[in-house]
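Report on the following structure.
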Amino acid sequence: MNTTESLQKRLDSLKSHLERENPILIDAIDGYRALDGVAHRTGLLDESESHATQISWWPLVSILGVFSAGKSSFINSYLDKPLQKTGNQAVDDKFTVICYGEENAGRTLPGLALDADMRFPFYRISDEIEKVTEGEGRRIDSYLQLKVTDSEVVRGKILIDSPGFDADQQRTSTLKLTNHIMDISDLVLVFFDARHPEPGSMQDTLTHLVEQTISRNDSNKFVFILNQIDTAAREDNTEEIVGAWQRALSQKGLTAGRFYTIYNKAVAPTIEDEGKRRRFEEKRDHDMAEIEDRIRQVEVERAYRIVGQMEKRAYHLRDTAMPALAEYKRRWAQRIVRTDLVLLAILAVLVLGVAIATGAIGSLGSLLLSIVADPVAMGGTILGLAAVLLGGHFLVKNLVGKLMLHGIRKGDDASLARAFAMNTRWFRSIFNRQPVGWNNRAKKQINGVIEGASRFVQSLNDQFTNPSGQVREADQTGRKTT
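Plus 1179 on top of the position in the sequence shown (first one is 1) and you've got this note's numbering.
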């Protein structure tokens, strides 16, 4: 089975799973297939890759935070299952993907289960880890694990628990995974520990978890949580602790948005003062209700995000990648022509200079006249000269292409570098400025993807909203039968 057939088989498998678990997204598969077709033909995407494998098709909630911030306890409380190990020190140094399953509840699967299955986040993430740290991609099981639970709250969604975060000591590959999680998640819960009210001592961690997130265009998906706030009950200094953290976060640019304060009643010591206990429990219950409501909303947000990603990538291909590729081809052709002319001029000057210096200018003229007078000699000379010039041209073409490709790769745009390499192969003409595969048919397909995304958003709106207030057919049928 070739790579194209294998990819199509995986997409068919994804579609069949969506039919059972999230049928609203089935039509989006066809849009991604059309987008892939153009990306493959233009070289922006490898034949074995798909835009559909670069996103998570299930709603994804990730939990990040510092060591001992109570992330695992929060997950156990939310699931109402003792799934994750808990403790004051780091008890798990792996990223744990948690999903629903009735038959294998409680089972832990190795990281390979995630790396090889496109339905889950971290699909083929070992390749990315290998690029960052050579040899680490083969040790994917030391970074990831998959746990199965039968808790109904995760049916139709995926949770990711991360190891305790410390930007000073994190391995480059772990930071790569953390950034990947933040990119693909629909909701990111960032936990801090109220028992350590010295946020100033963890500036690097705050920079990575706060400062580098608020400038993102999807910054609204980040929720910041101060956990284990019950420790403030003893001194009754909640305002001081919260204030210290808020000041630290505001120094990193977080001046707006909600900052939740919670604790786990199952593991927290009893607050003896009834008034304090009631006040802490009311605040905790209020904030937990809002957090759980945000988690429930990700199912709707994921559908819109998948369509939005499809539309965004189509626009990027049409309005950014193709114009950039055409400009690179123009520069490539221009540099080749200039270099050819310069080398030809240098060669002519050298020949003429040698003839003058050796006094053979007259002999050179006689030689040229004799070649012109003899058709056979003239034909052979022309063929020989053409072979030399073409050989030099292809050498220049190859050298200029490699130099430009090196510069594009330094810009960290692998897809554009791949497409440029396809467009500058030895048999490609320098006079064709149109990128390979970017023709009227491809443009029509991309425009179709964009138009289809707009229609898909409208269909989502019809499912989740009813601006006109009209009674839908299903509602009318229901009323008639009651």
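The beta-carbon is built from N, C-alpha and C at its ideal position, and this holds for glycine as well.
Identify which residue in the options has its Cα closest to the Cα of residue i.
i: Lys1462; options: Leu1529, Leu1262, Thr1440 and Leu1578; result: Thr1440
i: Gln1407; options: Glu1198, Ala1621, Thr1392 and Gly1244; result: Gly1244
i: Asp1294; options: Asp1592, Leu1204 and Tyr1322; result: Tyr1322
i: Val1217; options: Arg1374, Asp1409 and Trp1617; result: Trp1617
i: Met1583; options: Leu1504, Leu1325 and Pro1289; result: Leu1504
i: Ala1632; options: Arg1199, Ala1207 and Thr1182; result: Ala1207
i: Arg1604; options: Ser1195, Gly1222 and Pro1202; result: Gly1222
i: Glu1630; options: Ala1373, Met1489 and Gly1590; result: Met1489
i: Tyr1302; options: Gly1285, Glu1282, Gln1324 and Gly1314; result: Gln1324
i: Lys1188; options: Val1479, Phe1344 and Asp1296; result: Asp1296
i: Pro1202; options: Val1479, Phe1403, Ala1447 and Glu1469; result: Val1479
i: Ala1427; options: Ala1447, Glu1390 and Asp1409; result: Glu1390
i: Arg1597; options: Leu1526, Ala1373 and Asp1225; result: Asp1225
i: Ser1364; options: Asp1472, Phe1438 and Arg1481; result: Arg1481
i: Ala1621; options: Asp1215, Arg1199 and Arg1588; result: Asp1215
i: Lys1310; options: His1585, Ala1593 and Asn1645; result: Ala1593
i: Ile1470; options: Ile1404, Asn1443 and Phe1344; result: Ile1404
i: Gln1425; options: Ala1373, Lys1400, Asp1472 and Glu1453; result: Ala1373
Helix, strand or coil for residue i per DSSP?
i: Val1369; result: strand
i: Asn1640; result: helix
i: Asn1645; result: coil
i: Lys1264; result: coil
i: Ile1535; result: helix
i: Ser1380; result: Bear in mind that the predicted position of Ser1380 carries a pLDDT of just 49, short of 50, making it unreliable; the figure below should be weighed with that in mind. Residue state, collapsed to three classes: helix.
i: Gly1249; result: coil
i: Asp1397; result: coil
i: Ser1185; result: helix
i: Ala1346; result: Because Ala1346 carries a pLDDT of 48, less than 50, the predicted location of this residue cannot be relied on, and the following value inherits that uncertainty. The answer is coil: DSSP assigns Ala1346 none of H, G, I, E or B.
i: Asp1498; result: helix
i: Asp1519; result: helix
i: Glu1339; result: It is Ile, not Glu, that sits at residue 1339 in the sequence shown. Strand.
i: Asn1406; result: strand
i: Ala1505; result: helix
i: Asp1259; result: coil
i: Asp1296; result: coil
i: Ser1633; result: helix
i: Pro1554; result: helix
i: Leu1193; result: helix
i: Gly1590; result: coil
i: Ser1227; result: coil
Apart from the five residues on each side of it in sequence, which residues of its chain come closer than 6 Å, Cβ to Cβ, to residue i?
i: Ala1512; result: Ile1609
i: Asn1396; result: none
i: Gln1624; result: Ala1213 and Val1217
i: Met1467; result: Ile1441
i: Cys1278; result: Ile1337
Can you list, in chain order, the residues of its chain with a C-beta nearer than 8 Å to that of residue i? Leave out the 5 residues immediately preceding and following it.
i: Asn1626; result: Arg1497
i: Val1516; result: Ile1609
i: Lys1273; result: Gly1290, Ser1321, Tyr1322, Leu1323, Gln1324 and Pro1342
i: Thr1328; result: Leu1258, Lys1260, Leu1262, Ile1277, Cys1278, Tyr1279, Gly1280, Ala1284 and Gly1285
i: Val1575; result: Ile1515, Thr1518, Asp1519 and Leu1522
i: Leu1197; result: Leu1204, Ile1205, Ile1208 and Trp1236
i: Tyr1483; result: Val1636 and Leu1639
Residues in its own chain within less than 7 Å of residue i by CB, not counting five upstream and five downstream?
i: Met1581; result: Checking the sequence shown, residue 1581 turns out to be Lys, not Met. Closer than 7 Å at the Cβ level, and outside the excluded window around Lys1581, lies no residue.
i: Gly1571; result: Leu1522
i: Asp1306; result: Gly1316
i: Ser1380; result: Model confidence at Ser1380 stands at a pLDDT of 49, short of 50, so the residue's coordinates are unreliable; what they give is reported in the following sentence. Answer for Ser1380: no residue qualifies.
i: Thr1183; result: Glu1226
How far does the alpha helix (DSSP H) with residue i in it reach, from first residue to last?
i: Asp1306; result: Ile1304 to Val1311
i: Thr1275; result: Run containing Thr1275: none in the alpha helix (DSSP H); it sits in the beta strand (DSSP E), Phe1274 to Tyr1279.
i: Pro1615; result: Looking at the sequence itself, residue 1615 is Val, so the reference to Pro does not match. Neither: Val1615 is in no alpha helix (DSSP H) and is coded neither H nor E.
i: Leu1356; result: Thr1351 to Ile1363
i: Arg1179; result: Outside the modelled stretch of the chain, which goes from 1180 to 1661, sits residue 1179, for which no answer is possible.
Following the continuous beta strand (DSSP E) through residue i, name the residue where it begins and the one where it ends.
i: Thr1603; result: First-last for Thr1603: undefined, no H or E at that position.
i: Leu1323; result: Leu1323 to Thr1328
i: Tyr1442; result: Taken as a continuous stretch (DSSP letters only), Tyr1442 belongs to no beta strand (DSSP E), as it is neither H nor E.
i: Ile1242; result: Leu1239 to Gly1244
i: Thr1287; result: Thr1287 to Pro1289
i: Ile1420; result: No beta strand (DSSP E) contains Ile1420, which is instead part of the alpha helix (DSSP H) from Thr1417 to Gln1430.
Would you mind giving the Cβ-Cβ distance between residue i and residue j, rounded to the nearest angstrom? I have them listed as a contact below 8 Å.
i: Pro1614; j: Lys1491; result: The pair is not a contact, with the Cβ atoms about 20 Å apart (cut-off 8 Å).
i: Ser1429; j: Ile1337; result: At roughly 32 Å, the Cβ-Cβ gap does not stay under 8 Å, so Ser1429 and Ile1337 are not in contact.
i: Ala1493; j: Phe1371; result: 39 Å between Cβ atoms; not a contact.
i: Asp1340; j: Ile1242; result: 5 Å
i: Ser1256; j: Ala1445; result: 6 Å
i: Val1486; j: Phe1606; result: The Cβ separation is near 39 Å, so there is no contact.
i: Ile1304; j: Leu1368; result: Contact doesn't hold; Cβ gap of about 21 Å is too wide.
i: Ser1352; j: Ile1308; result: 5 Å
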